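Residue numbers (this note's numbering), protein chains in the order written: chain A, 67 to 270; chain B, 67 to 270.
Glycine included, each C-beta is placed from N, C-alpha and C at the ideal position.
Bear in mind that the values here come from a model prediction, so they are computed numbers and not experimental data.
Number of protein chains: 2
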Amino acid sequence: MSRGDHTEQAILEAAEAEFLDKGLALAKTAEIARAAGVTHAMLHYYFRTKEKLFEKIFEGKVQDLARSLTATFDETQPFLDQVAKLAGAHFDFIAAQPRLPMFVLNEIHHNEERRKIYLPMLVNALRDTIRNLGLQLEAALKAGEVRPVRTSDLLFSIASLNVMTFAGLPIAREAFGMDEEDVRQFVAQRRAENIEVILSRLRK
Amino acid sequence: MSRGDHTEQAILEAAEAEFLDKGLALAKTAEIARAAGVTHAMLHYYFRTKEKLFEKIFEGKVQDLARSLTATFDETQPFLDQVAKLAGAHFDFIAAQPRLPMFVLNEIHHNEERRKIYLPMLVNALRDTIRNLGLQLEAALKAGEVRPVRTSDLLFSIASLNVMTFAGLPIAREAFGMDEEDVRQFVAQRRAENIEVILSRLRK
DNA sequence: AATGAAATTAACTTTTTAGTTAAACATAGA
DNA sequence: TCTATGTTTAACTAAAAAGTTAATTTCATT
């Protein structure tokens, strides 16, 4: 491990924070370097350009987002429990990276080339989950356990509720003067509510 | 009406489209001017700075968003019908300006001063609606028409489902190769589904 | 200790974009 | 028609941020 590894790592970490918070356009290489404790020439030494550094971060984030949309199922459990677990797991995933979905959505929207490269990843992850969830749903339907609903709608609703919980959180926090504890409570409350909303839609 | 009015209007319209699509940071004054069919010096002649032009647009958009969160109630109707109407109206509002919520959310997030100025508008609109919706909900609860739920959660879920329907639409469109008709169908489908999700949560 | 590659710095250049200015033009009203 | 005012243009400047370079330092290896 050469001494430069530490610098490179520091830049990557500072860049991740800066890009996730501000996006590519508003992030400044000088500010990333400052946060990493190095001169901004180092950033170019290790990553050549702001765009190349961004891609390094962004690729990982797209994979994270794709993973958040990937679910595994335990077919021995009741379907509603499976869905509750899926929705809860997705919520926790986003909770751990609250800015992730909007960040990826925004950057992909603002750059056609990135769309071409990274959309397929997300679409593939999505397709897998829809297929698997669809199989379980079909079985539950035949067993008369749930009301009919499109699989894609079910998944879309879960994602919508969970993502939006965090998309506006920093703003809600300021708007209502919430402290750390308020936020924790709000998030816990929304987690339970989102799951309840989804289960209500399925219950007969 | 002086001849400059047309120029000013053309710039405003081009700016609105550009800002909503790209955000303040990525929007270029030269590109706005080009789209408006004038030189970019004209933009500064009429609006002084990019920021001042942006504020002109942004203020209106925040008001639009606040209005989208404002609901009136017809107390003679069954509560579930009122909620369905509210959710549907909100959906249609966002459908007419699909980029509006994310645009305002993003810009407010990236600028502290704007947060200070514009958040109270949104918070006020929200408070009014929560209060009114809360009164109706309480009555419906006493009448045994619905299951208990926090008013703020109910409203938050409606907004989440409706906003996310459009936040990812341009991307979903490209990802799944949807044409105009596919999009129309998807939107109509989501409108019905979002309302059904909300009503399911309320029904006993 | 000498060497050389990797790492770091400070100062520089380039590029992009916002913003300015002075001169030309248009037009309504005296 | 003359003039004053508002409008438009082309060419400019200013500022900010990305990116480069050459000189210097560090440090592992011989």
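Sequence-distant residues of its chain with Cβ nearer than 8 Å to residue i (five each side left out)
i, result
"valine 215/B", "Leu203, Arg267 and Leu268"
"glycine 154/A", "Arg257 and Ile261"
"isoleucine 264/A", "Val149, Ala150, Ala153, Leu220, Ser223, Ile224 and Leu227"
"arginine 213/A", "Arg267, Leu268, Arg269 and Lys270"
Closer than 8 Å to chain A by CB, residue i
i, result
"glutamate 121/B", "no"
"lysine 94/B", "no"
"arginine 277/B", "For residue 277/B there is no data in the structure shown, the boundaries of chain B being 67 and 270."
"valine 303/B", "Any answer about residue 303/B is impossible in this case: the structure gives chain B only from 67 up to 270."
"glutamate 240/B", "yes"
"isoleucine 261/B", "no"
"arginine 267/B", "yes"
"valine 149/B", "no"
"valine 356/B", "This structure leaves residue 356/B out entirely; chain B is present only between 67 and 270."
"serine 226/B", "yes"
Status (buried if at least 16 other CB within 10 Å, exposed otherwise) for residue i
i, result
"glutamate 274/B", "Here chain B covers residues 67 to 270 and nothing more, so residue 274/B does not appear."
"glutamate 173/B", "buried"
"lysine 182/A", "exposed"
"histidine 156/B", "buried"
"glycine 234/A", "buried"
"glycine 89/A", "buried"
"glutamate 178/B", "exposed"
"isoleucine 127/B", "It should be noted that the sequence gives lysine, not isoleucine, for residue 127/B. Lysine 127/B is buried by the Cβ-count criterion."
"alanine 107/A", "exposed"
"alanine 238/B", "buried"
"proline 186/A", "exposed"
"leucine 201/B", "exposed"
"threonine 142/B", "exposed"
Minimum Cβ-Cβ distance from residue i to chain B less than 8 Å
i, result
"leucine 185/A", "yes"
"glycine 234/A", "yes"
"isoleucine 237/A", "yes"
"valine 253/A", "no"
Same chain, Cβ closer than 6 Å to residue i, neighbours up to 5 away in sequence not counted
i, result
"phenylalanine 232/A", "Ile160 and Pro164"
"glutamate 211/A", "Phe145"
Residues near residue i by beta carbon distance below 7 Å, same chain, minus five either side
i, result
"alanine 289/B", "Examination of residue 289/B is not possible in this model, given that chain B is present from 67 through 270 alone."
Chain-ordered residues of the segment 160-175 of chain A with a beta carbon less than 8 Å from chain B: Residues of the segment 160-175 of chain A whose Cβ lies closer than 8 Å to any Cβ of chain B, in chain order: Met168, Leu171, Asn172, Ile174 and His175.
Going along the chain, which residues of the segment 210-223 of chain B sit with their C-beta nearer than 7 Å to a C-beta in chain A? The residues in question are Asp219 and Ser223.
Across the segment 106-121 of chain B and the segment 133-140 of chain B, are there enough close Cβ pairs to call them in contact, namely three or more that are closer than 8 Å? Counting Cβ pairs under 8 Å, fewer than three are found: no touch.
Determine which residues of the segment 80-110 of chain A have a Cβ less than 7 Å from any Cβ of chain B, and write them out in chain order. So the list reads Lys88, Ala91 and Leu92, given in the order they occur along the chain.
If contact is defined by three or more beta carbon pairs under 8 Å, each pair taking one atom from either stretch, is the segment 240-257 of chain B in contact with the segment 194-203 of chain B? With the cut-off at 8 Å, the segment 194-203 of chain B and the segment 240-257 of chain B do not touch.
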